[in-house]
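Only one structure is covered here, and it is reproduced in the block below.
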């Protein structure tokens, strides 16, 4: 909140005493509001703005933001353990989106940053022999990205086979020597540590899917044809429940000759979630799945799989809540798929930019916006799609920081969407950054900020493209630690789930000992 008021102060032509009066009137002190010292700093900042250098102002602003962050941490600590079920969709987010609930905003940004981490950690460089992999090992993942404060531990990485016709999702090295010819890193599974679990009121298992960061052409790669979800051995009692065939193939396909892809993404997720649920049998648990763009579609598909198979139902018959917090995602399936998700109690909240083309596809013509009578007539069509869950629509033209005429790709950018979340307070409300999240992050991978802010586009670069100088003075690409492919006990959990037979399990055990 402090950063929000700081933004407002810059435009208020009042004296110091008037400002103090205004702040106390608009923001009366309480256990969750600004401290007196923070208010004094804010008013002092306003009156001395033109007398101080930019560096001293930045220092003062940093003090205010740090105090605000401490206050928010305390507030979250007090509120989230009691309200996390509602924040994660127990009541379908009714009354939380307009006006925007501050705790929900904070949680959405937190999970959005976990989705963004999939981009930040991915090796996109075709001149790297590790192109298509993660640049960090699981134990060092969050620390390497400066995200230690999130309080999660990565338990395994997810891999997908590049045999699927989605060239803008899969990346390959140009060199003949590469880490894998068939696999791409697709995301990760993480679990909250003890400290974070205490703060948020439960042990949270998070699945974060990588999406498509820059290109919109991947939409054209989709076959756009609906396929029964049960056709790929995902259990479903209703044959009319269908999803886009490309998403389904990406989720269920595997390449047994490849160490990383010998198990499908589906098998990797189900076995790891089962293992983690068994690790914490006596704790309050949640499963949260997040992703951006194509990752959003995979998040919804994998969440459906978890609840349809009943994996989230524990031995004591407790059902672990499963929710999807997705960003800029496309439609996934038909209206029967939507109805099946609702019947299973799966909660989905989709955050989108109204100017983004991806959420409008597939089903650009035949979709949920048609009158129900028309949708009923075309529901059997292989091109009739329907969005699922609740939707939070944002508009980048409401942000004073962003160029309203930027390239269409910018409207799909995840960092930009998190910026819009931070400034959104409700329909028709003024755009004011709630947490002071740095707007410069928007230009990390695009050119979206107005030139007035003098933040270069696409500023995130890797030093010397990963090249280092060796002991003999030569520049080389260093070797990276070999990424583990799969946990040694994956076959055990897959056998318990009925996804592989006992004989197949024995073969895998023998292979692992060769």
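In my numbering, the protein residues as written are 1 to 514.
Glycine is no exception: its CB is placed at the ideal position from the N, C-alpha and C atoms.
Values in this document were obtained by computation on a predicted structure and should not be read as measured data.
Cβ-Cβ distance between residue 108 and residue 349 below 9 Å | Residue 108 sits at position 108 when you count from the first residue of the chain shown. Residue 349 sits at position 349 when you count from the first residue of the chain shown. Yes, they are a contact pair.
Does the Cβ-Cβ distance between residue 161 and residue 92 come in under 9 Å?
-> Start at 1 with the first residue of the chain shown, and residue 161 comes out as number 161. Start at 1 with the first residue of the chain shown, and residue 92 comes out as number 92. Between residue 161 and residue 92, the gap from beta carbon to beta carbon reaches 9 Å or more.
For the beta strand (DSSP E) that contains residue 327, what are its first and last residues?
-> By 1-based counting over the chain shown, the position of residue 327 is 327. Note, residue 327: beta strand (DSSP E), 322-327.
Are at least three pairs of beta-carbons, each pair with one atom in the segment 147-155 and one in the segment 186-199, less than 8 Å apart?
-> Below 8 Å, enough C-beta pairs join the segment 147-155 and the segment 186-199 to call them touching: three or more.
In its own chain, which residues sit with a C-beta less than 6 Å from the C-beta of residue 48, not counting the 5 before and 5 after it?
-> One-based indexing of the chain shown puts residue 48 at position 48. The predicted model places residue 48 with a pLDDT of 42, which falls under 50 and marks its position as unreliable; any figure quoted below should be read in that light. No residues qualify anywhere along the chain.
Which of helix, strand or coil DSSP assigns to residue 494 = For this step, residue 494 is matched to residue 494 along the chain shown. Residue state, collapsed to three classes: helix.
Can you list, in chain order, the stretches of the beta strand (DSSP E) that have 3 or more residues and sit fully within the segment 356-422?
-> As for any beta strand (DSSP E) of minimum length 3 sitting wholly inside the segment 356-422, the runs are 390-394, ordered along the chain.
Collapsed DSSP secondary structure at residue 311 in the structure displayed = Residue mapping note: residue 311 aligns to position 311 of the chain shown, counting from 1. In this structure, residue 311 counts as coil in the three-state DSSP scheme.
How about the segment 473-485 and the segment 241-252: do they share at least three Cβ pairs that are nearer than 8 Å?
-> Segments in contact, no.
Proximity winner among 499, 483 and 177, relative to residue 138 (alpha-carbon distances) | The residue labelled residue 138 in the question sits at position 138 within the chain shown. The shortest C-alpha separation from residue 138 is found at 483.
In angstroms with no decimal places, state the Cα-to-Cα distance between residue 486 and residue 465.
-> Here residue 486 refers to the residue found at position 486 of the chain shown. Here residue 465 refers to the residue found at position 465 of the chain shown. Spanning the two alpha carbons is a distance of roughly 29 Å.
Does the beta-carbon distance from residue 229 to residue 242 come in below 9 Å?
-> Counting from 1 along the chain shown, the entry for residue 229 is found at position 229. Counting from 1 along the chain shown, the entry for residue 242 is found at position 242. Result yes, Cβ atoms of residue 229 and residue 242 sit closer than 9 Å.
Contact check, residue 158 vs residue 188, beta carbons under 9 Å = Translated into positions along the chain shown, residue 158 becomes position 158. Translated into positions along the chain shown, residue 188 becomes position 188. Against a cut-off of 9 Å, the Cβ pair of residue 188 and residue 158 comes out as a contact.
Looking only at C-alpha atoms, which of 98, 81, 182 and 493 sits nearest to residue 196?
-> Position 196 of the chain shown, counted from the start, is the residue given in the question as residue 196. Ranking the options by Cα distance to residue 196, first place goes to 81.
Please report how far the alpha carbon of residue 388 lies from the alpha carbon of residue 304, in whole angstroms.
-> To locate residue 388, count along the chain shown from 1; it is residue 388. To locate residue 304, count along the chain shown from 1; it is residue 304. Their backbone Cα atoms lie some 11 Å apart in a straight line.
Compare the Cα-Cα distances from residue 359 to each of 403, 412 and 384 and report the closest residue.
-> In the chain shown, the residue the question calls residue 359 occupies position 359. When C-alpha distances from residue 359 are compared across 403, 412 and 384, the shortest belongs to 412.
Could you give the distance in angstroms between the alpha-carbon of residue 500 and the alpha-carbon of residue 271?
-> Sequence index remark: in the chain shown, residue 500 carries index 500 (1-based). Sequence index remark: in the chain shown, residue 271 carries index 271 (1-based). Roughly 11 Å between the two C-alpha positions.
Other residues of its chain near residue 267: CB distance less than 7 Å, five sequence neighbours each side excluded = Sequence index remark: in the chain shown, residue 267 carries index 267 (1-based). Within the same chain, residue 267 has close Cβ partners 494 and 499.
Which residues in the same chain as residue 297 place their Cβ atom closer than 6 Å to its Cβ, once the five residues preceding and following it in sequence are excluded?
-> Here residue 297 refers to the residue found at position 297 of the chain shown. These residues qualify, in order along the chain: 247, 329, 330 and 332.
What is the C-beta distance between residue 291 and residue 211, in whole angstroms, given that I count them as a contact (C-beta under 8 Å)?
-> Mapped onto the chain shown, residue 291 falls at position 291. Mapped onto the chain shown, residue 211 falls at position 211. Their Cβ separation, rounded to whole angstroms, is 6 Å, which keeps residue 291 and residue 211 in contact under 8 Å.
Ordered along the chain, which non-local residues of its own chain (more than five positions away) have a Cβ less than 6 Å from that of residue 111?
-> In the chain shown, counting from the first residue as 1, residue 111 sits at position 111. The answer, listed in chain order, is 290 and 325.
C-beta contact flag for residue 441 and residue 421 at 9 Å | Along the chain shown, read from residue 1 onward, the residue named residue 441 stands at position 441. Along the chain shown, read from residue 1 onward, the residue named residue 421 stands at position 421. No, Cβ-Cβ distance for residue 441 and residue 421 is not below 9 Å.
Where DSSP assigns a beta bridge to residue 100, which residues make up the other side?
-> The count along the chain shown starts at 1 and reaches residue 100 at position 100. As DSSP reads the structure, residue 100 sits in a beta bridge with 97.
Less than 8 Å between the CB atoms is what I'm expecting for residue 320 and residue 346, so what's the real figure, rounded?
-> As a working mapping, residue 320 is identified with position 320 in the chain shown. As a working mapping, residue 346 is identified with position 346 in the chain shown. Your pair residue 320 and residue 346 does not check out as a contact, with CB atoms roughly 12 Å apart and the cut at 8 Å.
Can you tell me which of the three DSSP states residue 136 falls into?
-> As a first step, residue 136 must be located in the chain shown, where it is residue number 136. DSSP places residue 136 in coil when its eight states are reduced to three.
Which of helix, strand or coil does DSSP assign to residue 464?
-> Here residue 464 corresponds to residue number 464 of the chain shown, with the count starting at 1. Helix.
Take every Cβ of the segment 451-463, pair it with every Cβ of the segment 391-398, and state whether three or more of those distances are shorter than 8 Å.
-> Contact between the segment 451-463 and the segment 391-398 is absent, because fewer than three Cβ pairs lie under 8 Å.
Chain-order list of residues whose beta-carbon lies under 7 Å from that of residue 179 (same chain, five-residue window excluded) | In the chain shown, residue 179 corresponds to position 179, counting from 1. Here the set comprises 129, 130 and 133.
Proximal residues to residue 117 (C-beta, below 8 Å), its chain only, five neighbours per side dropped = For the purposes of this step, residue 117 is taken as the residue at position 117 of the chain shown. Excluding sequence neighbours, residue 117 sits near 141, 142, 145, 147 and 208.
Which whole-angstrom value is the C-beta distance of residue 327 and residue 115, which I expect to be below 8 Å?
-> For this step, residue 327 is matched to residue 327 along the chain shown. For this step, residue 115 is matched to residue 115 along the chain shown. Rounded, the Cβ-Cβ distance is 6 Å, consistent with contact.
Leaving out the 5 sequence neighbours to the left and right, which residues in its chain are closer than 8 Å to residue 399 when beta-carbon positions are compared?
-> The residue labelled residue 399 in the question sits at position 399 within the chain shown. A distance below 8 Å between beta-carbons, with the five flanking residues on each side excluded, links residue 399 to the following residues of its chain, in chain order: 419, 420, 423 and 431.
How close, in whole Å, do the beta carbons of residue 410 and residue 308 come, if the pair is a contact with beta carbons under 8 Å?
-> Sequence index remark: in the chain shown, residue 410 carries index 410 (1-based). Sequence index remark: in the chain shown, residue 308 carries index 308 (1-based). Contact doesn't hold; Cβ gap of about 36 Å is too wide.
Identify the residues that DSSP records as bridge partners of residue 459: which are they?
-> Numbered from its first residue, the chain shown carries residue 459 at position 459. Per DSSP, none; premise fails for residue 459.
Start and end of the alpha helix (DSSP H) containing residue 245?
-> Residue 245 sits at position 245 when you count from the first residue of the chain shown. Residue 245 -> alpha helix (DSSP H) spans 245-252.
Sort 335, 405, 176 and 382 by Cα distance to residue 371 and report the nearest one.
-> Locating residue 371 in the chain shown gives position 371, counting from the first residue. Looking at the Cα atoms, 335 is the closest of the given residues.
Please work out which residues of its chain come closer than 6 Å, Cβ to Cβ, to residue 340, disregarding the five sequence neighbours upstream and downstream, and give them in chain order.
-> Sequence index remark: in the chain shown, residue 340 carries index 340 (1-based). Within the same chain, residue 340 has close Cβ partners 241.
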